[in-house]
Amino acid sequence: MAVFDLDGTLTRYDTYLRYLIGYIGRRPTRVLRAWGLPLNVLLLKSRLRDNTWLKKRSLGSVLGGLTDTELRPWTWSFVDRLVQSGLRQAGIDALRDHQSQGHRTILLSA
219 MAVFDLDGTL TRYDTYLRYL IGYIGRRPTR VLRAWGLPLN VLLLKSRLRD NTWLKKRSLG
279 SVLGGLTDTE LRPWTWSFVD RLVQSGLRQA GIDALRDHQS QGHRTILLSA
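For my numbering, add 218 to where a residue sits in the sequence shown, where the first one is 1.
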């Protein structure tokens, strides 16, 4: 079995943050819903909240209330760019090597 972390191992950057910021770039009015996020980051940094809490708050603030149909075009665009220029070749090669050997492979994202 081989476990691969998505961000930093298979990709060149934090996909979660880039996905959310990219969506705000497409729909700038969504930034108004995220006004409290800087305070939430401070709560994380001061160890009053954990990373899971912050990610849930960020996701809800930016994407809350949207339907799959509304998100699909952005998601496909994001994935397309990720595959074109956001993957780390060494990580992909290692993943393929394990897969070719018949190892069970698991993708992990925190």
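Every residue, glycine too, gets a C-beta built ideally from N, C-alpha and C.
| said: Just to confirm my understanding: we take residue 259, look at its own chain, exclude 5 residues before and 5 after, and list those with CB closer than 8 Å. What are they? | reply: 272
| query | Less than 9 Å separating the beta-carbons of residue 276 and residue 224? | reply | no
| field | Exposure of residue 229, with buried meaning 16 or more beta-carbon neighbours within 10 Å | value | buried
| field | Assumed close pair residue 333, residue 251 - CB separation to whole angstroms, cut-off 8 Å | value | Nothing in the structure corresponds to residue 333, since the chain is present only between 219 and 328.
| message | Bridge partners for residue 221 per DSSP, in chain order? | response | 324
| What runs of the alpha helix (DSSP H), each 4 residues or longer, lie entirely inside the stretch 275 to 315? | 286 to 299
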